[in-house]
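Structure first, then comments.
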Amino acid sequence: MGRVQRLVAVPAPLGEFRNLHHAWRSSPNDPDDCKSAGGLVELLVSGESVTPAGDPQPGRPGWIVKSARRAEQSAADAAQSAKAAREAEATAHRAAREAEYSAAQAQSSAIAARASANDAYAAAAEARASAEAAGKDAEAADKAWKDALDTVATKQRAEEEARRRDEERRKAEAELAEMHEGATDFWDGNWLLTSIVISVGGFAADLHPALRAEELRSFRSGLEDVCINPCLGPPFWTQWRSGAPHWCRTGRVRTCENKSVGN
């Protein structure tokens, strides 16, 4: 009965082990046939009996093909594990790259957000400056409007004052013209009083008639320069303009509070 003391096998493709198993079944006691089949195996016949995998006759010495298959399966599992490890490593690399890309995106988003915040702050500052400028413009416009109203009011007051003064002037001129007209009629009918007045003014009452007539003409022509005082009872002249009081020089006619004074 054949016994296997040691089995040393170098991993080979599964097909080669199958060819080796077929060669063993053809010549189970000839190791050279096994070697010629392509399996690098050293078989020492000694030890306990072994039943080859797939051999229907137990107790015959031979190869343990099942162990080779397990070794091949282990190698395949190792390769699969290595592949899984490589895939895991690739996945880790992808995850790292994605994380790095996400970090870069987040950094870009943060930069964009910071830029947007800066733009918003600048826009707010510009809006505040515009509002302040608009407020100043509004204040200036309001002041200009008030100044315009004041100017219009001042102009209206000036126009009213001018109209009032013009009315007073026209009224005074009318009254003075009326007094002058009465005074002219009065002096034309009072030759004696004319002579007396002329004598009081520094002229002699007994001047030559020609000279007296000349003085009378001068007196009549100078009536426009004479102020009439209504308090003395119109018409009555007071004095020449050169010596008249202020109210006479300005052309204003004063009325008497006591109407009974003079006649």
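Quick note on full-length UniProt numbering: the sequence shown kicks off at 1 and runs consecutively. We put the beta carbon where it would ideally sit given N, CA and C, even for glycine. Every value quoted in this text rests on a predicted model; they were computed, and no experiment measured them.
Could you tell me the alpha carbon to alpha carbon distance between residue i and residue j, rounded to whole angstroms?
i	j	result
residue 120	residue 126	10 Å
residue 71	residue 107	52 Å
residue 117	residue 141	35 Å
residue 324	residue 115	No statement about residue 324 is possible, as the shown extent of the chain runs from 1 to 263 and does not include it.
residue 77	residue 93	23 Å
residue 74	residue 103	42 Å
residue 170	residue 160	15 Å
residue 150	residue 138	18 Å
residue 134	residue 147	19 Å
residue 79	residue 113	49 Å
residue 83	residue 96	19 Å
residue 203	residue 168	Residue placement at residue 203 is flagged as unreliable, the pLDDT there being 42, under the threshold of 50; the coordinate-derived value follows with that caveat. Distance between the alpha carbons of residue 203 and residue 168 is about 37 Å.
residue 91	residue 81	15 Å
residue 128	residue 111	25 Å
residue 86	residue 99	19 Å
residue 143	residue 122	31 Å
residue 163	residue 131	47 Å
residue 284	residue 145	Absent from the structure is residue 284, since the part of the chain shown begins at 1 and ends at 263.
residue 166	residue 154	18 Å
residue 124	residue 136	18 Å
Can you find a C-beta in chain B that's less than 7 Å from the C-beta of residue i?
i	result
residue 137	The question asks about chain B, but that chain is absent: this structure has only one protein chain.
With a CB to CB cut of under 6 Å and the five nearest residues on each side skipped, what residues in its chain are close to residue i?
i	result
residue 109	none
Please list, in chain order, all residues of the same chain as residue i whose beta carbon is under 7 Å from its beta carbon, the five residues on each side excluded.
i	result
residue 88	none
CB-CB under 8 Å to residue i, same chain, minus the five flanking residues each way: which ones, in chain order?
i	result
residue 105	none
residue 156	none
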